[in-house]
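For what it's worth, the working numbering labels the leading residue of the sequence shown as 653, then goes sequentially. Each residue gets a CB set at the ideal place from its N, CA and C atoms; glycine is no exception.
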Amino acid sequence: MTMKVTLLGTGTSSPDPNRVQSGILVEAENKTFLLDVGSGVLHRLIQTGIDLKTLDSVFISHFHIDHCSDFLSLCQSLWLAGYERTLELYAPLTLREWSRGVRDIAFPYLREKVLVKETVLEENHVVQLGPVQVSTAPTTHSTMETRAFRVESRGRSMVFSSDSAPCHDVTDLAKGADVLVHEVNWLDGPHPEGVHTSPIELAEIVEQTEPKKVVLTHVSPEVVAKEEKVITTVGRRTNAEVVLGSDLMVLNI
Ligand SMILES: [Zn+2]
Ligand SMILES: [Zn+2]
């Protein structure tokens with residue numbers, strides 16, 4: 653095993669008793685980091701049994717509340733756990749404004765408790781965490797600056813779409829990934845353009861990117877209710893395994 657990926661939160665902002673908001677834990681080589689930290693993700697992180705002091709970095713894909721709202725709770729818990737390192741925080745450009753408002757103004761006491769080094773993620777950014785590489789691509793998600801992530805370690809790869817309508821940048825990033833963790837926010841039907849992905853749209857993305865396995869995440873209750881139909885639809889142009897993600901599901905890649 654090269655990479656252990658734990659889905660912490662597979663839900664959306666529509667409340668679901670079984671799914672918290674967006675978050676993924678990645679453990680590869682000796683690196684431990686989060687992709688997104690939405691509401692409920694801290695609780696799920698603790699459920700994995702991980703030692704919080706081993707956390708190196710947090711990547712936030714964008715600043716919709718369901719992708720970032722547990723960051724301060726995480727900092728408070730790191731402080732109480734005796735975290736003495738500098739936490740690396742990576743996020744798109746809106747990181748600066750968010751940090752000023754939430755960290756400097758709303759909760760300044762936390763700044764001294766846990767040191768955070770902030771790095772703005774450009775559209776196509778490559779972050780090297782020792783032998784583990786995290787590359788980004790811009791997604792199409794309303795007017796929000798959003799990043800998708802590709803994590804690679806020893807030739808194995810996992811791509812996380814974050815929130816995105818179908819777009820070339822994410823498709824290019826996802827090509828040939830061992831595992832594609834992709835959002836399916838809503839069912840097929842009339843929706844606003846350029847915000848999220850439906851099952852029929854994801855089937856096309858899967859055909860173009862040819863991952864070995866597809867894991868559905870950011871699934872709203874209406875998508876979960878049609879699980880079988882959604883999986884059949886997404887899988888109709890591929891031989892890749894398609895599964896519905898669930899909170900605390902572990903992917904050994
Ligand atoms: Zn969003
Ligand atoms: Zn979202």
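- When distances are taken from the beta-carbon of Thr-869 to the heavy atoms of ligand 1, even the shortest one reaches 8 Å or more.
- Close CB contacts of Lys-765 within its chain, under the 6 Å cut and outside five residues either way in sequence, are with Trp-731 (chain order).
- Ala-855 carries a helical assignment under DSSP once its states are collapsed to helix, strand and coil.
- Ser-814 carries a coil assignment under DSSP once its states are collapsed to helix, strand and coil.
- Selection Val-871, Glu-845 and Glu-853 evaluated against Gly-887 yields Glu-853 as nearest (Cα-Cα).
- Bridge pairing for Glu-740: Ser-709 and Lys-769 [DSSP].
- Counting only residues of its own chain and dropping the five nearest sequence neighbours on each side, Ser-666 has a CB closer than 7 Å to the CB of Ser-872 and Pro-873.
- Ligand 2 has a heavy atom closer than 8 Å to the beta-carbon of Asp-815.
- Out of Gln-728, Leu-825, Glu-845 and Val-693, the CA that lies nearest to the CA of Ile-712 is found in Val-693.
- Under the DSSP assignment, Pro-790 falls outside any alpha helix (DSSP H), being part of the beta strand (DSSP E) whose first and last residues are 784-790.
- Glu-736 and Ser-729 have their C-alpha atoms some 12 Å from each other.
- Note on geometry: alpha-carbon atoms of Leu-741 and His-848 lie some 25 Å from one another.
- The residue from Ala-789, Thr-738 and Glu-770 with its alpha-carbon nearest to that of His-777 is Ala-789.
- Here Lys-881 is exposed, its C-beta having fewer than 16 other C-beta atoms within 10 Å.
- Proximity of the region 807-820 to the region 782-798 meets the contact definition, three or more beta-carbon pairs being nearer than 8 Å.
- The C-beta separation of Val-895 from Val-876 comes to about 13 Å, leaving the pair out of contact by the 8 Å criterion.
- Per DSSP, reduced to three states, the secondary structure at Leu-868 is strand.
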